[in-house]
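Participant:
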Amino acid sequence: PFYFARFLQTIHPSVPFLPPAPTPAHRSPSRYYCVAVQRGRANGSWAVMGAASSRLEKALGEQFPEGERYFGLENFGNTCYCNSVLQALYFCVPFREQLLEYYANNKSASDGEENMLTCLADLFSQISNQKKKTGVIAPKRFIQRLKKQNELFRSYMHQDAHEFLNFLLNELVDILEKECKANKETPQNSSSNKSSNGPINGQPNGSHKEPETTWVHKCFQGILTNQTKCLRCETVTDRDETFLDLSLDIEQNSSITSCLKNFSSTETLNAEDKFFCDKCCSLQEAQKRMKIKKQPNILVIHLKRFKYIEQLGRYKKLTYRVVFPLELKLMNTVDNSDLEYSLFAVLVHVGSGPNHGHYISVVKSHNHWLFFDDETVEMTDESMVQTFFGSAQEFSGNTDNGYILFYESVAKTS
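In UniProt numbering, the protein residues as written are 1 to 414.
#1: Any contact between the region 131-149 and the region 67-84? By contact I mean 3 or more CB pairs, one from each, below 8 Å.
#2: Could I get the ranges of all uninterrupted beta strand (DSSP E) runs contained in the region 370-410, with 3 residues as the minimum, in chain order?
#3: When the Cα of E163 is compared with those of P354, E101, Q252 and S54, which residue comes out closest?
#4: Taking DSSP as the reference, what is the three-state secondary structure of M116?
#5: Just verifying my parser: in three-state terms, what is the DSSP assignment at L224?
#6: Is there contact here, the region 394-410 with the region 300-307, by at least three beta-carbon pairs under 8 Å?
#7: Are the Cβ atoms of G112 and N106 separated by less than 8 Å?
#8: Nearest CA to the CA of residue 498: which residue from Q144, D335 and M331?
#9: Would you mind sorting K148 into buried or exposed? The rule is 16 or more other CB atoms within 10 Å of its CB.
#10: For L246, collect the residues of the same chain with a Cβ closer than 6 Å to its Cβ; drop the 5 residues on either side in sequence, then sort them by chain order.
#11: Enumerated in chain order, which unbroken segments of the alpha helix (DSSP H) with a length of 4 residues or greater are wholly contained in the region 222-309?
#12: Over what stretch of residues does the beta strand (DSSP E) that includes R314 continue unbroken?
#13: Whether or not the region 82-98 and the region 114-131 are in contact is what I'm after, with contact meaning three or more pairs of Cβ atoms, one per stretch, closer than 8 Å; do they touch?
#14: Since A286 contacts L231 with CB under 8 Å, what's their CB separation in whole angstroms?
#15: Going by other Cβ atoms of all chains shown within 10 Å of its Cβ, with 16 needed for buried, is N398 buried or exposed?
#16: When the cut-off is 8 Å and only beta carbons count, does E57 lie next to chain C?
#17: So, at 7 Å on beta carbons, what are the nonlocal neighbours of F167 in its own chain, with the 5 sequence-adjacent residues on each side left out?
#18: Considering only the alpha carbon of each residue, which of K294, N367, Q295 and L318 lies closest to R305?
#19: With a 10 Å radius around its C-beta and 16 neighbouring C-beta atoms as the bar for buried, classify K364 as buried or exposed.
#20: What are the boundary residues of the beta strand (DSSP E) that includes F344?
#21: Take H356 as the anchor and find which of D400, E382 and Q386 has the nearest alpha-carbon.
#22: Quick check on the DSSP output: the beta strand (DSSP E) that includes K132 runs from which residue to which?
#23: Tell whether a beta-carbon distance below 8 Å holds between F95 and C219.
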């Protein structure tokens, strides 16, 4: 079986592992590796990363994608949760392209206030415009803004990558919606080339009452429909809700397909949980199920690996083996769509518990798989993804588990 510590020793045999630090923020071999790299940087040397970067360029050779950049991100103590998410988002090509377009349309606005969106756009622009193909960038401005914006991320304790991803996407949506509303209320902006929300769609004001759809929505948003069937009159009530990611309960020795099936399984509402039927005008027994009404272009799946155990009075990490395929088709859709998905990023939690550990990401770019661990960027292969499924045995030493999965929609091949 694959173990993260052994992998690091293989790719960086010259970097010594340091003794465990008392801080609970990181307690994994990769964290000790990061500390060793930071010591070298403090002495004015990026020798280790320089060697790694040159190895990556050499490994790709003439296959290095034209115009692409592979940069590690500096860790500011406990920011691996942030770095791993940012790498996945950077290689989410539709999202990156929209963000860079936003940056190009708004970089000349000197009166604009700094926010999470401008800081993220600036960071992505820095990476994409680097003269070198590989290296390290310090996302200092972005991290400073994050901590200023949300006190949850100000401490140096271990943070949750999924919580950060949710916060970031919703924050970007809020900013874009406010900018779009402000532009509509300012007549002189209607003919301007400046666009805060991607290309102007040309629709007149008041042509629709629905909330503005931002390019973040166009990338990640799907629609769930909650179908409830009254068992007395058999009337089916549909209630729609949007989502930017799907959080799935997991079981030992399962798969994403089975988790999605359980997500849409039929639940009976009875006893104290009876459903109020509008047609019967009373509480009735009913059957409820959740189905996907509109599939997102980018499907983000969060595996619920941290579960509260009442007997223990705390959260426990579930290292269950959950197989996630490289190609995925959703079966629990309303219209039985033929839309298929291809895996392009996996966020991995390394560690035995929810309050300590480390985050890394494995990303697919131009048919190459890359391994991102803060400052480190290494070429890897497809088979590495399988090592993050989890363990078939509960008390296994392998705690490197897939936590957040990113799938992109692909055209079905006939």
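Cβ coordinates follow ideal geometry from the N, Cα and C atoms, glycine included.
Facilitator: Well, looking at it:
#1: yes
#2: 376-380 and 400-410
#3: To locate residue 163, count along the sequence shown from 1; it is residue 163. Ranking the options by Cα distance to E163, first place goes to P354.
#4: Numbered from 1 along the sequence shown, position 116 holds the residue referred to as residue 116. Reduced to three states, the DSSP call for M116 is helix.
#5: As a position in the sequence shown, residue 224 is number 224, starting the count at 1. Note: L224 maps to strand in three-state DSSP.
#6: yes
#7: By 1-based counting over the sequence shown, the position of residue 112 is 112. By 1-based counting over the sequence shown, the position of residue 106 is 106. It is a contact, given that the beta carbons lie within the stated cut-off.
#8: Limits of the chain in this structure are 1 at one end and 414 at the other, which puts residue 498 out of reach.
#9: For the purposes of this step, residue 148 is taken as the residue at position 148 of the sequence shown. Its Cβ having fewer than 16 others within 10 Å, K148 is exposed.
#10: Counted from its first residue, the sequence shown places residue 246 at position 246. Once the five neighbours on either side are set aside, the close Cβ partners of L246 are I301.
#11: 256-263
#12: Counted from its first residue, the sequence shown places residue 314 at position 314. Its beta strand (DSSP E) spans residues R314 to K317.
#13: yes
#14: Mapped onto the sequence shown, residue 286 falls at position 286. Mapped onto the sequence shown, residue 231 falls at position 231. Confirmed, about 6 Å.
#15: If you number the sequence shown from 1, residue 398 lands on position 398. Buried, since its Cβ has 16 or more Cβ neighbours within 10 Å.
#16: Looking at the structure shown, chain C is missing, and only one protein chain is on hand.
#17: Counted from its first residue, the sequence shown places residue 167 at position 167. If we look at F167 and ignore the five residues flanking it on each side, its Cβ neighbours are N150.
#18: Translated into positions along the sequence shown, residue 305 becomes position 305. The option with the nearest alpha carbon to R305 is L318.
#19: Taking the first residue of the sequence shown as 1, we reach residue 364 at position 364. With 16 or more other Cβ atoms within 10 Å, it is buried.
#20: Along the sequence shown, one-based indexing puts residue 344 at 344. Unbroken beta strand (DSSP E) run through F344: E340 to V350.
#21: For the purposes of this step, residue 356 is taken as residue 356 along the sequence shown, with counting starting at 1. Checked all of D400, E382 and Q386; the closest Cα to H356 is D400.
#22: Here residue 132 is taken as the residue at index 132 of the sequence shown, counted from 1. Here K132 belongs to no beta strand (DSSP E), and DSSP marks it neither H nor E.
#23: Residue numbering aside, residue 95 sits at position 95 when the sequence shown is read from its first letter. Residue numbering aside, residue 219 sits at position 219 when the sequence shown is read from its first letter. Going by C-beta atoms, F95 is nearer than 8 Å to C219.
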